[in-house]
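Q: Residue numbers (my numbering), protein chains in the order written: chain A, 20 to 290; chain B, 20 to 290.
Sending over a structure as structure tokens; questions will come in a sec.
Number of protein chains: 2
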Amino acid sequence: MDNRPIGVFDSGLGGLTAVRSLRQILPEENLIYFGDTARVPYGSRSRETLLKYARQDVRFLRSYDLKAIVIACGTVSTTSLSTLQAENDLPIVGVVEPTCSRAVKVTNNKKVGLIATLASVRSGAYEAKIAELDKDVSVFTEACPLFVPLVESGRIRRGDVVIETVAREYLEPMKERGIDTLILGCTHYPLIAPIIGDIMGPDVTLVSAGEESAFELKRMLKAQDLRADENRQGDADFYVSDRVEDFERIASLFLQEDLRHAARRVDIEKY
Amino acid sequence: MDNRPIGVFDSGLGGLTAVRSLRQILPEENLIYFGDTARVPYGSRSRETLLKYARQDVRFLRSYDLKAIVIACGTVSTTSLSTLQAENDLPIVGVVEPTCSRAVKVTNNKKVGLIATLASVRSGAYEAKIAELDKDVSVFTEACPLFVPLVESGRIRRGDVVIETVAREYLEPMKERGIDTLILGCTHYPLIAPIIGDIMGPDVTLVSAGEESAFELKRMLKAQDLRADENRQGDADFYVSDRVEDFERIASLFLQEDLRHAARRVDIEKY
């Protein structure tokens, strides 16, 4: 039994959907979240810059006595996971590998779709990982650059003509390809999963990146005997690198809780 | 007469609408454009970081023998204009001052609206400048965070339900306030001026930031006898700090020209 907290980081606040999944799947664990809101988005940065940022994010989180780290950021998972794992003596879970494993497991017709940001689609990371796991699976990708700003503007409800029109345009080509599994490859997309599900229909299984990381972490903690006391209720602390004023509104949106959360600011350049 | 080029910079490619205005208003001038696409958006950076970035942008542009500089970026105009003017021995024009002067001139009922990004609205720069020019003018502001991503996704046509729904929601409160002048305080907004005009109606005058900077620069060049030979056709060169591959599509969108443009990449951190 180990009640030390788990660190979670992302380029911004989208990673709070991973916090939401972790709270559902591992409710007894303490979490420390860091969102690098001053340097968001990571998607367009060079590999060297990304590794520098990711190392700073990890160093800040490790100023606490952690037992594990979840990288909620797809871009960091793609570019820097193995380096961070080699440099740190604690379990680190990314988002890409667990998500691809799940997609390969659930597809029957071996046709998997991936929707993500332009940067994630361009990285080819999901396709490479799926090819490594099962070379017979075809992956169809679609970049959905408007989903993040629309979700952050709170346009996440069924019946909203704006999100529904945009979603239909992005998803119709996926449907035509006959996929039976769709990876939601961005932290923001679980919030519009009901709308995506309506468009794709009941025969397409949705796989959310954040959720799969939480399951992977649960397995890892169990295997290494690192789980917290299951009778307790875990807590969460939140840190951001830019102004904290917007945090409450956005956090409520992503965590889907009525709770009011406060965040503290960190000067991440010092780490 | 002075045929040396004019430098123009912005945090990204939105400043190309200023290039478009400059080409219409000063067609004989040569332009050198720099878009800091690797470090966009500037809106959320600290003042120190912004000044550092702006100095690098100016240093890069001044590696050419320029006669003037236009800052197409609202955030830099707001935070760093006077410092840059003090440090450089050539005319530098921002976007905020010329735009506010124009708005104060055209309003009859002294009710002016401002639409812009969240960062520009929060800065209070337009309100402060207008109050300085005419303290009887009331300014009503509305942040429109979805306009930039929608424009960059090419959703700029009348009849598009997505842009029209979003625009109506942002602009209805402005209309209810009875403004007679609306400042388009972001480089991207001129591209949807027809849609904004439809919603606001014929009695509201639209004032575009980029266009007013071009008029201001024209006056300045004339006063200092720096204008180019009016019988020539000016040229434009384009530089960006991130990948050049997207430039062609976006440039055609912003410049509203069928011409194909190529951009070269600059390592801006070296300046």
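All C-beta atoms in this analysis are idealised placements derived from N, C-alpha and C, irrespective of residue type, glycine included.
#1: With the cut-off set at 7 angstroms, would you say residue 226/A and residue 118/A are in Cβ contact?
#2: Since residue 29/B is in the beta strand (DSSP E), which residue starts that stretch and which ends it?
#3: Quick one: any contact between the segment 53-62 of chain B and the segment 195-208 of chain B, if contact means 3 or more CB pairs under 8 angstroms?
#4: Is it right to say residue 276/B is buried, meaning 16 or more other beta carbons lie within 10 angstroms of its own, or is it exposed?
#5: Say whether the segment 22-33 of chain A touches the segment 45-54 of chain A, bearing in mind that this needs 3 or more beta-carbon pairs closer than 8 angstroms, one atom from each stretch.
#6: Please decide whether residue 172/A counts as near chain B, where near means a Cβ-Cβ distance under 7 angstroms.
#7: Of all the CB atoms in chain B, is at least one closer than 7 angstroms to the CB of residue 291/A?
#8: Taking the alpha-carbon positions, what's the residue 132/A to residue 194/B distance?
#9: So residue 145/A packs on residue 204/A, CB below 8 angstroms; how close in whole Å?
#10: Counting only beta-carbon separations shorter than 7 angstroms, does residue 102/A have a partner in chain B?
#11: Closer than 9 angstroms, Cβ to any Cβ of chain A: which residues of the segment 160-171 of chain B, in chain order?
#12: Between the C-alpha atoms of residue 114/B and residue 120/A, what's the straight-line distance to the nearest angstrom?
#13: Does DSSP put residue 83/B in a helix, a strand or coil?
#14: Report the residues of the segment 108-119 of chain B with a CB closer than 8 angstroms to any CB of chain A, ordered along the chain.
#15: Under a three-way DSSP split, which group does residue 308/A fall into?
#16: Below 8 angstroms on C-beta distance, what does residue 185/A contact in chain B?
#17: Please give me, in chain order, every unbroken run of the beta strand (DSSP E) with length at least 3 that falls completely inside the segment 191-254 of chain B.
#18: Mind checking residue 282/B: buried by the 16 CB within 10 Å criterion, or exposed?
#19: Reducing DSSP to helix, strand and coil, say where residue 111/B ends up.
#20: Can you check the segment 155-181 of chain B for any beta strand (DSSP E) of at least 3 residues that lies completely inside it and give the ranges in chain order?
#21: Can you tell which of 182/B, 252/B, 111/B, 255/B has its C-alpha closest to the C-alpha of residue 240/B?
#22: Can you round the beta-carbon distance between residue 35/B and residue 270/B to whole angstroms, since I take them to be within the 8 angstroms contact cut?
#23: DSSP on residue 50/B, reduced to helix/strand/coil?
#24: Go ahead and label residue 178/A buried or exposed: buried means 16 or more other beta carbons lie within 10 angstroms of its beta carbon, across all protein chains shown.
#25: Check whether the Cβ atoms of residue 189/B and residue 171/B sit closer than 7 angstroms, and answer yes or no.
#26: Just the Cα atoms here: how many angstroms apart are residue 116/A and residue 73/B?
#27: Can you tell me where the beta strand (DSSP E) with residue 282/A in it begins and where it stops?
#28: Go to residue 135/B, then tell me how far its beta strand (DSSP E) extends in each direction, as first and last residue.
#29: Please name the residue, chosen from 149/A, 104/A, 109/A, 156/A, that lies closest to residue 127/A on a Cα-to-Cα basis.
#30: Is residue 62/A near residue 136/A, with beta carbons less than 7 angstroms apart?
#31: Under the DSSP definition of a beta bridge, which residues are partnered with residue 89/B?
#32: Consult DSSP for residue 259/B and reduce its assignment to one of helix, strand or coil.
#33: What are the start and end residues of the alpha helix (DSSP H) that includes residue 275/B?
#34: Let's test the definition: count the other Cβ atoms within 10 Å of the Cβ of residue 154/A and tell me whether it reaches 16, buried, or not, exposed.
A: Looking at the atomic coordinates:
#1: Taking the C-beta atoms as reference points, residue 118/A is found nearer than 7 angstroms to residue 226/A.
#2: 25-29
#3: no
#4: By the neighbour-count rule (16 or more Cβ atoms within 10 Å), residue 276/B is not buried but exposed.
#5: yes
#6: It does: the Cβ of residue 172/A has a partner Cβ on chain B nearer than 7 angstroms.
#7: Beyond the ends of chain A as shown, which are 20 and 290, falls residue 291/A; an answer cannot be given.
#8: Straight-line Cα distance between these residues: approximately 43 angstroms.
#9: With a Cβ gap of about 6 angstroms, residue 145/A and residue 204/A count as contacting.
#10: Interface residue (Cβ-Cβ distance to chain B less than 7 angstroms): residue 102/A is not classified as such.
#11: Look at the segment 160-171 of chain B: the residues with a C-beta under 9 angstroms from a C-beta of chain A are 164, 165, 167, 168, 169, 171.
#12: 51 angstroms
#13: Secondary structure of residue 83/B (DSSP, three-state): coil.
#14: none
#15: The question about residue 308/A has no answer here: the residues shown for chain A are numbered 20 through 290.
#16: 181
#17: 200-203, 224-227
#18: buried
#19: DSSP places residue 111/B in strand when its eight states are reduced to three.
#20: 157-162
#21: 111/B
#22: 6 angstroms
#23: Residue 50/B: strand per DSSP, three-state reduction.
#24: exposed
#25: no
#26: 40 angstroms
#27: 282-284
#28: DSSP places residue 135/B in the uninterrupted beta strand (DSSP E) bounded by 130-135.
#29: 156/A
#30: yes
#31: 27/B, 112/B
#32: strand
#33: Careful: residue 275/B lies outside any alpha helix (DSSP H) and carries neither H nor E.
#34: exposed
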